[in-house]
Structure formats: structure tokens, C-alpha cells
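Participant:
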DNA sequence: ATAAACTCTCCAGTAAGTGGAGTGTAAAGG
DNA sequence: CCTTTACACTCCACTTACTGGAGAGTTTAT
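Now the structure itself:
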């Protein structure tokens with residue numbers, strides 16, 4: 502199938518699919534007369550896999566790892582689980598940071614009248630060394 | 502003062518400070534004989550302001566906005582508060598997304614034995630259309 | 001005088017695409 | 001068969017916010 506259909510069926514943009522092909526994440530055949538990429542069902546499945554993994558916050562490189570684990574019929578589930586647990590702990594760290602940030606910002610916002618006067622505890626906090 | 506000292510006092514790297522100078526976020530004078538940047542106390546204060554705002558997740562562009570609001574003695578606190586509230590709501594969205602992601606990933610991880618066998622519900626979920 | 005420490009500019013690269021120009025190909029309508 | 005429209009191609013530049021390194025000049029300390 503052409504790139505447009507592959508993109509639609511994997512919920513990716515054409516640009517993104519082309520990018521994935523450029524970096525070798527998928528390897529569609531090329532119609533030698535038209536120069537159009539030809540995506541097989543396997544290529545499509547791969548794109549769908551990548552799209553999901555990206556949604557799960559896996560990086561492109563991690564997607565590659567997952568894909569190779571996926572296509573390795575003798576792989577163990579250990580590695581996949583380890584990668585997933587690592588992701589979860591990254592997310593946990595990020596959650597803590599963001600919550601902390603939110604706290605600080607809402608504290609500042611609550612103390613700022615937000616009126617037409619120049620006094621602003623937010624700016625004061627930013628300029629306070 | 503030289504860039505090294507300015508960087509140290511603002512908790513930024515020399516590279517980062519140079520970058521901020523390159524994009525015009527700070528405008529240190531230049532010693533015409535040595536070519537070294539010369540940071541005044543005001544420049545330093547500005548760097549410290551930026552460093553804090555960046556920690557608060559404000560983008561470079563938002564830092565510029567905040568800086569101009571900061572140096573405008575007739576500004577109102579309204580704009581600053583609005584920007585801050587916007588940031589908070591962005592953070593809230595991000596928090597929801599991340600929590601959801603964490604949920605899904607931990608569900609998958611919990612159902613994966615993580616042993617030497619090839620069965621892996623994580624990969625199954627990724628490949629499931 | 002020399003060595004270490006600091007600074008400079010410039011170029012390239014990072015992640016993961018996005019946007020656009022200019023051009024070629026395929027499918028549908030008349 | 002011809003034309004229009006939709007789709008595809010490549011290539012280059014841009015995005016964010018830096019970071020790394022090369023090669024060269026400057027300042028400070030010994």
C-alpha cells in the first residue's frame with residue numbers, strides 16, 4: 502500500500518512515516534518505476550507497533566529495541582519488562598518534579614492579586630536570589 | 502565579571518550563558534581588547550532570573566516576556582499571573598497524561614512475568630491493533 | 001617564560017519530527 | 001486522450017534549548 506494509507510491506518514502523519522522510513526525504523530519496498538514506497542502488511546503492523554510504543558513514551562531507540570525483541574521468537578519477557586519498569590520510574594520522577602513545580606507556581610499565583618498594580622510576588626520570587 | 506563567574510553565580514553552564522547572550526536574552530558588554538564578555542550586576546541578576554524561570558518550566562520566549570514585564574515599572578501583575586496560570590494548566594494536562602500512561606504501563610508490567618519465556622503481554626499490547 | 005586556566009568563535013549534533021519548495025506520478029472525470 | 005486533482009517524491013531549513021568539540025587567543029599563576 503502507499504504511504505498515505507499506511508499513515509492513516511497507523512494514526513501517523515505521512516511526514517512521520519517517511520521519517521521513520523528514512524531512519525530505517527521501517528523498511529518498505531520501493532516501486533522502482535514510480536519511486537513510491539510500498540508498505541506491506543508487516544510494515545503496517547510495525548508502524549502500528551511503533552505508534553503505540555511512542556504513545557507509551559518510549560523513545561525511538563527504545564522502539565527499535567522493543568521491535569527487535571518483538572521479532573525475536575526466542576526472546577525472554579525479562580528485557581521487555583525491565584525496559585517498561587524503567588519507563589515507569591522515569592515517569593514517576595517526572596511526576597514528582599511536575600507536582601513540585603505546580604505547588605510552587607500555584608503558591609505564587611495565589612499570592613498575586615493579578616490586578617493593574619505593579620506589585621507582583623511572582624516576579625519578586627523570580628528575581629529573588 | 503567574566504562569563505565563568507556569571508555562570509557560577511547563576512547556576513548555569515558557561516555554554517548556556519553564552520547561548521543566552523547569543524540569542525540576546527542577556528546583553529553583556531564586550532571588552533574590546535580581549536573580546537571577553539563583561540557581565541554587570543544587572544546582567545547577572547537577569548541570568549539568575551532566567552535560571553529560575555526556566556526551572557519553573559517557562560520557555561525561553563516566556564522568559565523574555567517575563568523579563569520585559571519585570572523591567573517595566575508600569576506593568577500590571579495581571580499578565581504575569583495569567584502566564585503563570587497558563588503554565589499551571591499546562592502542567593495539569595501533563596500530569597493527567599503521565600498518570601494515565603503510568604497506569605497503563607504498570608498494568609502491563611504487572612501482567613508480565615518477566616521470565617525467560619517469550620510470552621510477553623507488553624509486546625502483545627503494543628502489537629495489538 | 002611557560003603552563004594552566006579561561007575565553008573566544010564556529011561548526012555540528014541532539015530528539016523527533018514539521019513545514020515548504022519544487023517536481024513527478026496516479027487516478028478520476030470529461 | 002487530456003486535464004485536473006490527489007498523492008507521492010526529494011531536499012533543505014527550522015524547531016527547542018542547549019551540548020560537545022576543534023582550534024585559537026587571553027589571562028593568571030608559578
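Residue numbers (this note's numbering), protein chains in the order written: chain A, 502 to 630; chain B, 502 to 630.
Note that CB positions come from ideal geometry on N, CA and C, so glycine has one too.
Starting from residue 605(B), find everything on chain A with Cβ-Cβ shorter than 8 Å and list it in chain order.
Facilitator: On the second chain, residue 605(B) is found 104 positions in, with the first residue counted as 1. Under the 8 Å cutoff, chain A gives 557.
Participant: Can you find a CB in chain A that lies within less than 7 Å of the CB of residue 615(B)?
Facilitator: By one-based count along the second chain, residue 615(B) stands at place 114. It does; some Cβ of chain A falls within 7 Å.
Participant: At 8 Å on the CB atoms, spell out the chain B contacts of residue 592(A), in chain order.
Facilitator: Mapped onto the first chain, residue 592(A) falls at position 91. Correct list: 599, 602, 603 and 606.
Participant: When you compare the region 616 to 628 of chain B with the region 609 to 622 of chain A, are there three or more beta-carbon pairs, one atom per stretch, that lie closer than 8 Å?
Facilitator: No: fewer than three Cβ pairs fall under 8 Å.
Participant: Going along the region 513 to 530 of chain B in order, which residues come within less than 9 Å of chain A, judged by CB to CB distance?
Facilitator: none
Participant: When we look at the beta-carbon of residue 548(B) and count the other beta-carbons within 10 Å, is it buried (16 or more) or exposed?
Facilitator: Position 47 of the second chain, counted from the first residue, corresponds to residue 548(B). Buried, by the Cβ-count rule.
Participant: Is the CB-CB distance between residue 538(A) and residue 504(A) below 7 Å?
Facilitator: One-based indexing of the first chain puts residue 538(A) at position 37. One-based indexing of the first chain puts residue 504(A) at position 3. Remark: C-beta atoms of residue 538(A) and residue 504(A) approach each other more closely than 7 Å.
Participant: Residues of chain A with CB under 8 Å from residue 569(B), in chain order?
Facilitator: Here residue 569(B) refers to the residue found at position 68 of the second chain. Result: empty, since nearest Cβ-Cβ is about 11 Å, beyond 8 Å.
Participant: If you follow the alpha helix (DSSP H) that residue 553(A) is in, where does it begin and where does it stop?
Facilitator: By 1-based counting over the first chain, the position of residue 553(A) is 52. Residues 542 to 556.
Participant: Taking one C-beta from the region 566 to 573 of chain B and one from the region 588 to 605 of chain A each time, how about it: are there three or more such pairs within less than 8 Å?
Facilitator: No contact exists between the region 566 to 573 of chain B and the region 588 to 605 of chain A.
Participant: Quick one: what's residue 538(A) bridged to in DSSP?
Facilitator: As a first step, residue 538(A) must be located in the first chain, where it is residue number 37. For residue 538(A), which the question treats as bridged, DSSP gives the partners 531(A).
Participant: Quick check: what's the CA-CA separation for residue 525(A) versus residue 581(B)?
Facilitator: Within the first chain, the letter at position 24 stands for residue 525(A). Within the second chain, the letter at position 80 stands for residue 581(B). Spanning the two alpha carbons is a distance of roughly 45 Å.
Participant: Among residues of its own chain, excluding the 5 on either side of residue 532(A), which ones have a beta-carbon nearer than 7 Å to its beta-carbon?
Facilitator: Within the first chain, the letter at position 31 stands for residue 532(A). Hits under 7 Å: 539.
Participant: Is the shortest distance between the beta-carbon of residue 457(A) and the beta-carbons of chain B less than 7 Å?
Facilitator: Because residue 457(A) is not part of the residues shown, which for chain A are 502 to 630, the question remains open.
Participant: In the DSSP assignment, the alpha helix (DSSP H) including residue 615(B) goes from what residue to what residue?
Facilitator: As a working mapping, residue 615(B) is identified with position 114 in the second chain. Counting along the chain, residue 615(B) falls outside any alpha helix (DSSP H), and DSSP gives it neither H nor E.
Participant: Note down, in chain order, every chain B residue with its Cβ under 9 Å from the Cβ of residue 565(A).
Facilitator: As a working mapping, residue 565(A) is identified with position 64 in the first chain. Result: empty, since nearest Cβ-Cβ is about 13 Å, beyond 9 Å.
Participant: Just to make sure I have the definition right: I need the residues of chain A whose C-beta is within less than 9 Å of the C-beta of residue 620(B). Which are they?
Facilitator: If you number the second chain from 1, residue 620(B) lands on position 119. Neighbours of residue 620(B) on chain A, chain order: 578.
Participant: Is DSSP giving residue 526(B) helix, strand or coil here?
Facilitator: By 1-based counting over the second chain, the position of residue 526(B) is 25. In this structure, residue 526(B) counts as coil in the three-state DSSP scheme.
Participant: Using beta-carbon positions only, say whether residue 515(A) and residue 508(A) come within less than 7 Å of one another.
Facilitator: Stepping through the first chain from its first residue, residue 515(A) is reached at position 14. Stepping through the first chain from its first residue, residue 508(A) is reached at position 7. Against a cut-off of 7 Å, the Cβ pair of residue 508(A) and residue 515(A) comes out as a contact.
Participant: Are the C-beta of residue 552(A) and some C-beta of chain B separated by less than 7 Å?
Facilitator: Position 51 of the first chain, counting from 1, holds the residue named residue 552(A). Chain B contact via Cβ: absent.
Participant: Helix, strand or coil, according to DSSP, for residue 576(B) in the structure here?
Facilitator: On the second chain, position 75 is the one that residue 576(B) refers to. Coil, per DSSP.
Participant: Candidates 617(A), 618(A), 605(A) and 620(A): which alpha carbon is nearest residue 553(B)'s?
Facilitator: Reading the second chain from its first residue, position 52 is the one you call residue 553(B). Among 617(A), 618(A), 605(A) and 620(A), the Cα nearest to that of residue 553(B) belongs to 605(A).
Participant: Using 7 Å as the threshold, is the C-beta distance between residue 622(B) and residue 609(B) below it?
Facilitator: Taking the second chain and counting its residues from 1, the one referred to as residue 622(B) is at position 121. Taking the second chain and counting its residues from 1, the one referred to as residue 609(B) is at position 108. Yes.
Participant: Starting from residue 625(B), trace the alpha helix (DSSP H) both ways and give me its first and last residue.
Facilitator: Stepping through the second chain from its first residue, residue 625(B) is reached at position 124. Residues 622 to 628.
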